[in-house]
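Contents: one structure, followed by commentary.
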Amino acid sequence: MREIVSGIIEQERYTCAIGALQSVVAIPKAVPILHSGPGCGNMIQGFFERAKGYAGGSTSPCTNFSEKDVVFGGIDTLRQIIANTYKVLDTDLQVIMTGCTAGIVGDDIESLAQEFQDEGKPIVAVETAGFKCNNYEAHSLVVNAIVDQYVSLYEDENPTRSEKNTVNLFSSLPYQDPFWKGNLGEYKRLLEGLGLKVHVLFGHKSGGVKEWRKIPRANFNVLVSPWYGVPIVEHLKSKYHQPYTQFWHTPIGANETESFLRNVLAFAIEQGAEIDESAAEGFIGGESKAYYEEIENLATFLLEFRYGLPSHFHVIHDAGYVVGLSKFLLHEVGIVPKEQFVVDNTPEKCKARITEDLANTSAKKTIPLTFEPDAGKVQDTIRKLSHSGRGLIIGSGWDKELAREKNYDFLSASVPTPYRLVLTTNYAGFSGGLRVIEDIYDAVLGTYR
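Each residue of the sequence shown is one higher than the one before, counting from 540 in our numbering.
Put into structure tokens, the structure is as follows:
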């Protein structure tokens, strides 16, 4: 785990490690068991708002770690909570997650989990004390714990790399990305269009824990992320000898989605997948054609409103969306990226590659990029900027007032997002690009009276 720098930041756009309980909630009929104080679950519920799933938010079982537990340990309370949860909830998997107090006390949650495993109960344990890391990194901790403590129990019936056309997909972090459900569904549809079978693992498009058991069968893994999730695919490469291909940002619109699909197609063929390359290219071409037909329909609208539309934009988001939106809006919408801000607390070792990815957006224009987890500082920076033309800010609910101050248009696209309801909307893929255009210009047209 990387070194944690202490200090206070304003308008945090992520949570502490126990926020990865949302990764558990995103697995159908999986339940997080919080070995923590009651405030931990409430904090996560408040941050992610409409994100309860099967048993998340205020319904997550919790030991309500107290002063007594700090002195004597809380393992007996945890044992009782787990036993009662099996009685009350019809669960396919339970995941014990620790808060800071339990992490400091050092309760042996893995041994306790083993007690229930010995009884045939599907349960795993993972240390997620908030001082260890943030929820971007803890997502990988949770996934790897499930792989090691649950998936590994079913390896005999799921031979390693036995299905040449099957892949495991890792991309959007559940609930941290407001569009995770829609994105996973779109990735699944697109990759199936190439001739692949896809384990998405999270959300209603997955097969739940039965799909998790089949992880070893996959021929290779697909990672759509600039840095978060890398420990997962590296672990699977070591454990099951599954290679992986990585696409470094969220593919939005035709250019990047075509690039993403062709990268996966080439890698699949390289790994021995039995794919009709001609049919796969036909699928990509058909999707692209349908996309550009809709873009052509915009011509009259863009001509009529060309002087009243945003000419430049700032994105305040995680690295995958900052790069993905910058490439898409510049090349396919014609809005110029100005200063861009990554607020996901990117590890130092990953910054150079992300900077390079953004720099490759245009050979003619330099796009300033700042890595700053303190979104309060980001807002102060934007307040001092001055650009001609109509501006656009793409960020979280925190940024709505900033956009009003600057007289900019605003699009809520990251957490926390109290001003928008997202169910199964996707921003990834061909259809995702069209949805981004709809959302931006809906916001713009909404300013006309």
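Don't be surprised by glycine CBs; every beta carbon is placed ideally from N, CA and C.
All values reported here derive from a predicted model rather than from experimental measurement.
| Item | Value |
| --- | --- |
| Residue from A891, E940 and T630 whose Cα sits closest to the Cα of W766 | A891 |
| Pairwise C-alpha distance: K776 and S679 | 14 Å |
| Between the CA atoms of S650 and V975 - distance to the nearest angstrom | 47 Å |
| Closest by C-alpha distance to A805, when choosing among C889, F759 and E773 | F759 |
| I635 vs A652 beta-carbon contact at 8 Å | yes |
| Whole beta strand (DSSP E) elements within the stretch 595-637, 3-residue minimum | 632-637 |
| Bridge partners - K736, DSSP secondary structure assignment | T705 |
| H851 versus G968: straight-line alpha-carbon distance, rounded | 23 Å |
| Nearest candidate by alpha-carbon position, reference N673, set G768, I791, L931 and D896 | G768 |
| Cβ neighbour criterion (16 or more within 10 Å) applied to P698 | exposed |
| V763 beta carbon less than 8 Å from that of F741 | no |
| F587 versus T796: straight-line alpha-carbon distance, rounded | 28 Å |
| Runs of beta strand (DSSP E) lying entirely within the stretch 662-731, each at least 3 residues, in chain order | 662-665 and 702-709 |
| DSSP state of S850 mapped onto helix, strand, coil | coil |
| D631 versus A664: straight-line alpha-carbon distance, rounded | 15 Å |
| Pair within 8 Å by beta-carbon distance, A952 and P717 | yes |
| Paired residues, beta bridge with A757 - DSSP | E702 |
| As assigned by DSSP and simplified to three states, the class of G768 | coil |
| Residues that V881 bridges to, as DSSP identifies them | H856 and F910 |
| Backbone secondary structure at L573 - three-state DSSP | strand |
| Simplified DSSP assignment, three categories, for D948 | strand |
| Range covered by the alpha helix (DSSP H) that runs through I791 | First-last for I791: undefined, no H or E at that position. |
| Opposing strand residues paired with C555 [DSSP bridges] | N673 |
| CA nearest to the CA of F655, picked from T637, R618 and G638 | R618 |
| Pairwise C-alpha distance: G985 and Y958 | 15 Å |
| Check whether H738 and L708 have beta carbons under 8 Å apart | yes |
| Residue span of the alpha helix (DSSP H) that contains S827, given as start and end | E816 to N836 |
| Exposure of L960, with buried meaning 16 or more beta-carbon neighbours within 10 Å | exposed |
| Touching by the beta-carbon criterion (3+ pairs, under 8 Å), the stretch 552-559 and the stretch 575-586 | yes |
| Range covered by the beta strand (DSSP E) that runs through T784 | Y783 to F786 |
| Alpha-carbon to alpha-carbon, A684 and M540 | Model confidence at M540 stands at a pLDDT of 48, short of 50, so the residue's coordinates are unreliable and nothing is read from them. |
| Alpha carbon of A807 to alpha carbon of V862, nearest angstrom | 25 Å |
| Counted within 10 angstroms of its Cβ, other Cβ atoms place P907 as buried (16 or more) or exposed | exposed |
| CA-to-CA distance, L941 to A819, given in whole angstroms | 45 Å |
| Range of the contiguous beta strand (DSSP E) that encloses S935 | G930 to S935 |
| Counted within 10 angstroms of its Cβ, other Cβ atoms place Y553 as buried (16 or more) or exposed | buried |
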